[in-house]
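Asks: These protein sequence lines map, in sequence, to chains A and B. Count along the first sequence from 1, then add 313; that gives the number in our numbering. Count along the second sequence from 1, then add 347; that gives the number in our numbering.
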Amino acid sequence: MTTTTAHPAPAAPLAPPGALSLGRRRVAIELKSFFRDKNSAFWNFALPMLLMIIFGSVFGGQTLGPTGITFAQYFVAGMIASGVLYTSFQNLAIAIPMERDDGTLKRIQGTPMPKVSYFIGKIGLVFVAYAAQVTLLILIGVAFYDIELPSGSQWFTFAWVSVLGLVSCTLLGIAFSVVPKNAKGASAVVSPIVLVLQFTSGVFFLFQDLPQWMQQFASLFPLKWLTQAMRSVFLPDAAAALEVTGSFELAKCAAVLIAWTIGGLVLSLVFFRWNKRGEN
Amino acid sequence: MTTTTTSGDALVVPVPDDADVAVRVRGLTKAYGETRACDGVDLDVVRGEVLALLGPNGAGKTTTTEILEGYRHRDAGEVSVLGHDPSRTDPLWRSRLGIVLQTAADLGDLTVEESVTHFAGYYPRPRDVDEVIDWVGLTEKRKTRGSNLSGGQRRRLDVALGIIGRPELLFLDEPTTGFDPEARREFWGLIAGLKDEGTTILLTTHYLDEAEVLADRVAVIARGRVIACDIPSRLGGRDESHATLTWKEGEEVRTEQTTEPTRVVGELAARFGGEVPGLAIHRPSLEDVYLSLIGHDNEDAS
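(1) Would you list, in sequence order, the uninterrupted alpha helix (DSSP H) runs of no fewer than 4 residues that lie entirely inside the stretch 390-477 of chain B?
(2) Using the C-alpha atoms, what's the distance from Cys482 (chain A) back to Ile575 (chain A)?
(3) Cβ of Glu478 (chain B) less than 8 Å from any chain A Cβ?
(4) Distance, Cα to Cα, Val389 (chain A) vs Phe457 (chain A)?
(5) Using DSSP with H/G/I as helix, E/B as strand and the rest coil, what is Met348 (chain B)?
(6) Provide the residue(s) that pair with Leu375 (chain B) in DSSP beta bridges, ordered along the chain.
(7) Tell me, which residues are paired with Lys595 (chain B) by DSSP?
(8) Can you check DSSP and say which residues form a bridge with Arg675 (chain B)?
(9) Could you check whether the Cβ of Asp350 (chain A) sits closer than 8 Å to any Cβ belonging to chain B?
(10) Is it true that the stretch 510-518 of chain B meets the stretch 537-552 of chain B, where meeting means three or more beta-carbon pairs spaced less than 8 Å apart?
(11) Among B:Ala384, B:Ala406, B:Asp453, which has the Cα closest to the Cα of Ile622 (chain A)?
(12) Answer with buried or exposed for Lys351 (chain A), where buried requires no fewer than 16 other C-beta atoms within 10 angstroms of its C-beta.
(13) Less than 8 Å separating the beta-carbons of Phe547 (chain A) and Ile460 (chain A)?
(14) With DSSP collapsed to three states, give me the class of Arg492 (chain B).
(15) Using CA coordinates, which residue listed in B:Gly509, B:Gly525, B:Thr410 is at the minimum distance from Asp422 (chain B)?
(16) Measuring only the C-alpha atoms, how far is Arg630 (chain B) from Arg585 (chain B)?
(17) Thinking C-alpha only, which one of B:Val359, B:Arg570, B:Trp594 is nearest Pro608 (chain B)?
(18) Pull out every residue of the stretch 414-431 of chain B whose Cβ sits closer than 9 Å to any Cβ of chain A, in chain order.
(19) For Gly331 (chain A) and Ala567 (chain A), what's the separation of their Cα atoms in angstroms?
(20) Is Ile548 (chain B) helix, strand or coil by DSSP?
(21) If contact means a Cβ-Cβ distance below 9 Å, which residues of the stretch 451-471 of chain B contact chain A?
(22) Which residues bound the beta strand (DSSP E) around Ala569 (chain B)?
(23) Under three-state DSSP, which class holds Thr380 (chain A)?
(24) Find the residues of chain B that neighbour Lys345 (chain A), judging by a C-beta separation of less than 8 Å, and give them in chain order.
(25) Please report how far the alpha carbon of Gly374 (chain B) lies from the alpha carbon of Glu425 (chain B), in whole angstroms.
(26) What does Pro427 (chain A) reach in chain B if we use C-beta pairs closer than 7 Å?
(27) Just mark Val340 (chain A) as buried or exposed, buried being the case when its beta carbon has 16 or more other beta carbons within 10 Å.
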């Protein structure tokens, strides 16, 4: 069969672009899709700001015991911690099942893009979305609810808590993406989990006021430790008196988040799937 | 290498052993529980040809093509796609393939231009983005988001993404479903252009006219096996089967079945002394042959 090729084929096929450069392209495309999709932009990005304004306005003035700290300040720290969970876990645990259902994952599997680039794109999306979200949350908190900007070593704490929280919850979101049976069911499965964790981890209520069994339950999961660590960053030192142990327990926060990072990595490696059920 | 044909496959015309093949499949099997989706598929796609894969739903078309595309793993058999075993995918091999899947609803939040540009970046030697968008007829929709495209326009976007990487081998799974007749004609022109550039194409379709226009060869798959494979005009012994002549004598319509239509027409012409009123010669269409093939197979199996 004769072929009239306009572009002569090269002697050796050229290698496709590398995983890192394609990962960067994935980040850009993920961000575009994330912010253009009204559902994901609202539930994962704008919701904490909305909650902060509503709760802050309703309960903001109440002071917590003799510390002089207002509930608004306490709540702002909890919302910043929740932002970690929203942009990573909730975002990915809902978006990936949708991508499995609508053909995104199948389409990119059929291209030369290395699979690792897909995950680089997701991680980049999570970090950029969180950075934008937390900046806005801090601005709202400083402007309206008298939270303190972190100083000195608190910035360092803020940085490592954010990074460890994002990494562990991103991996957990990737692993959890196999649980919803399909795209439609995803938010119905994932959102209640996030909500329950927020109620039991000291976001909507003062943690020390919760029943002990609830405190123990929440201590198994990352959000309780994230909120506690964020309180150490954004509240005055006197706020330590509000903690159950009278301390922010940063070392323990780090240990739990690292444990979940390892657990999340193992779970993702074992359970993550590209195909719909029954397609392999 | 001898072609292993399963029993009773005289309708499968093998390609020469020394043919330059893009795809070679021998004895491919794949079962899901008790269901044998592929039950000994043998298939060759010669480099540069358009091969149409026909068959009823559930016959094993999708399973076969998805094994070739590296999406599914086979149970047994030999499979070579561009000289490579598709169960071991690597990016270099992937960059030589183009895949247009049957259903996709992704990329809804990106414009046509953004999607095509993004996927062009995956390939070492992509086609020109503007050229491809123009080629599939989406120039006016380039700033439109995927979710706002019509069904046919979405399908063209799928095709654009399938060919943006300048594939040597293109898989097209029911590419014109939902097209209006004019759009299908335009699409056929696009496929002809790709073929002229030397692209090998494996086309899955339910439209027999599409297969007849586009395909160099047609393979019919039923019950997990290729039961016939030949050029469209010869498929299933179509060229040798009886022709049906009809003509009018007075008010009466006469028909005759014959293997020598030319002789019969000659006799009729002599008898009528020129024009034969209402003369028509009918050979079995590809659809007739196809339906009898899969009907025949179903009888065999029951």
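Glycine is no exception: its CB is placed at the ideal position from the N, C-alpha and C atoms. Computed from a predicted model, the values in this text were never measured in an experiment.
Replies: Based on what the coordinates show:
(1) 408-415, 438-441, 459-467
(2) 11 Å
(3) no
(4) 10 Å
(5) Because the pLDDT of Met348 (chain B) is 39, which lies under 50, any placement of that residue in the model is unreliable, and the number read from its coordinates should be weighed accordingly. Correct three-state label for Met348 (chain B): coil.
(6) B:Val388
(7) B:Val600
(8) There is no way to answer for residue 675 (chain B), as the model of chain B reaches only from 348 to 649.
(9) yes
(10) yes
(11) With chain A covering only 314 through 593, there is no way to say anything about residue 622 (chain A).
(12) exposed
(13) yes
(14) strand
(15) B:Thr410
(16) 8 Å
(17) B:Trp594
(18) Glu416, Gly417, Tyr418, Arg419, His420
(19) 34 Å
(20) strand
(21) Ala451, Ala452, Asp453, Leu454, Gly455, Asp456, Leu457, Glu461, Ser462, His465, Phe466, Gly468, Tyr469, Tyr470, Pro471
(22) 564-569
(23) helix
(24) Asp456, Leu457, Glu461
(25) 7 Å
(26) Pro438
(27) buried
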